[in-house]
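Throughout the sequence shown, residue numbering follows my numbering, covering 1191 to 1440 in sequence. In this text, a Cβ means the ideal position worked out from N, Cα and C, and glycines have one as well. All values reported here derive from a predicted model rather than from experimental measurement.
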Amino acid sequence: MTRIVRDELRQRVASAGWWYQRIDLGDGICTADEPRYHEIVWQRIEPTLPRRLGGATVLDVGCNAGYFAIELKRRGAGRVLGIEPVRLHLEQAILCRDALGLDIEYLPLDAHELATIDGTFDVVVFTGILYHLKSPLLVLEQLGRLCRDLVVVETECILEDARNVVHARQGPPGAVVPTACRRGCMKFVEGAELNGDPSNWWIPDTECVVGMLRSTGFRFFSSPVYPTEGRLLLLAAKSESTMADLSALR
Ligand SMILES: C[S@@+](CC[C@H](N)C(=O)[O-])C[C@H]1O[C@@H](n2cnc3c(N)ncnc32)[C@H](O)[C@@H]1O
């Protein structure tokens, strides 16, 4: 990179608004100074994936500035598509892609519009998204149709706590009885209750996430891990011959 090009890129990064993701653009230019949470998520996921993706196709839902799309492209993915409804983030993703010279597609789509996407994908990255959705099961159903092999799910979650219990009627016809349910719940959050952010709608527990994924076509699961308090990371695959080593998620 010549100095003029480098200075121009530095200027464009500085004027591109606040960066949620830290992305290294080379030549000492980074979109943020401090390490960010998505880097911890990537450190956990990375050992579960093949060293080379051999042209596998990737969809990154709510891709933000494209950190996961970029990492997977560099690892040998074929078609990589990122979708992101917030213009600021989409523009950041395009800036990073162009600075790095990578062949990644971006579309200004909301996760509720997955059904409008052409094609299918071997890997779907679904990190930091579930709790932002008004209709999570509907979106997972659409995701299940688009995904051929593996989904990486990371989400805010209800804390694992032996005291958790919800009383609801359960049971087969004729034997529906009030039951203490300890798992399989999703908490509605109204307004800005979670982190002052009105774009948060639902907080599922681990069993709820696994159950929704089972209901939308996924049959094989990693053990859940919790990279930080109240955050769940999980891999789910459609078949046992998945490209990922599900046992490697730690
Ligand atoms: C917590 S950030 C996670 C970003 C990235 N996936 C990651 O793991 O680092 C949430 C991202 O989801 C996007 N988002 C919020 N609501 C969305 C929706 N309904 N559909 C798709 N993306 C959404 C936000 O604009 C933001 O980029």
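For residue i, the nearest candidate out of the options (CA to CA)
i            : options                   : result
residue 1410 : 1419, 1392, 1261 and 1431 : 1431
residue 1437 : 1357, 1298 and 1412       : 1412
residue 1371 : 1304, 1359 and 1377       : 1359
residue 1429 : 1232, 1269, 1256 and 1340 : 1340
residue 1420 : 1332, 1392, 1239 and 1289 : 1392
residue 1229 : 1382, 1356 and 1211       : 1211
residue 1342 : 1356, 1308 and 1317       : 1317
residue 1351 : 1234, 1424, 1373 and 1369 : 1373
residue 1302 : 1278, 1296 and 1329       : 1329
residue 1305 : 1336, 1232, 1294 and 1279 : 1336
residue 1369 : 1231, 1355, 1331 and 1208 : 1355
residue 1278 : 1192, 1426, 1207 and 1379 : 1207
residue 1323 : 1308, 1295, 1205 and 1300 : 1300
residue 1426 : 1235, 1296, 1220 and 1388 : 1235
residue 1377 : 1388, 1389 and 1321       : 1321
residue 1401 : 1240, 1192, 1258 and 1375 : 1375
residue 1414 : 1408, 1407 and 1424       : 1424
residue 1326 : 1405, 1439, 1434 and 1281 : 1405
residue 1298 : 1291, 1281 and 1290       : 1281
residue 1147 : 1227, 1195, 1223 and 1193 : Absent from the model: residue 1147. The displayed extent of the chain is 1191 to 1440, so no value can be given.
Per-residue DSSP class, three states only, for residue i
i            : result
residue 1211 : coil
residue 1250 : strand
residue 1419 : coil
residue 1295 : strand
residue 1382 : coil
residue 1267 : coil
residue 1288 : helix
residue 1393 : strand
residue 1441 : Look at the range of the chain in this structure, 1191 to 1440, and you will see that residue 1441 is not part of it.
residue 1401 : helix
residue 1197 : helix
residue 1230 : helix
residue 1219 : coil
residue 1307 : coil
For residue i: DSSP bridge partner residues
i            : result
residue 1368 : 1359
residue 1317 : 1344
residue 1258 : Paired residues: none, contrary to the question.
residue 1424 : 1343
residue 1410 : 1427
residue 1191 : None, per the DSSP bridge assignment.
residue 1377 : 1393
residue 1273 : 1251 and 1297
Residue i Cβ short of 7 Å to ligand 2 heavy atom set
i            : result
residue 1211 : Annotation note on ligand 2: not contained in the displayed structure, which lists ligand 1 as its ligands.
Three Cβ pairs or more, each shorter than 8 Å: is that satisfied between the region 1214–1224 and the region 1198–1206?
The region 1214–1224 vs the region 1198–1206: in contact.
Count the C-beta pairs between the region 1231–1249 and the region 1308–1316 that are closer than 8 Å, then say yes if the count reaches three, no if not.
As far as the Cβ criterion goes, the region 1231–1249 touches the region 1308–1316, which means the pair count is three or higher.
So does the region 1387–1400 actually touch the region 1340–1348, counting three or more Cβ pairs closer than 8 Å?
yes
Does the contact criterion of 3 or more C-beta pairs under 8 Å hold for the region 1279–1286 versus the region 1261–1270?
No contact exists between the region 1279–1286 and the region 1261–1270.
Measuring CB atoms only, is the region 1272–1281 touching the region 1249–1261, in the sense that at least three cross pairs come out at less than 8 Å?
These segments touch.
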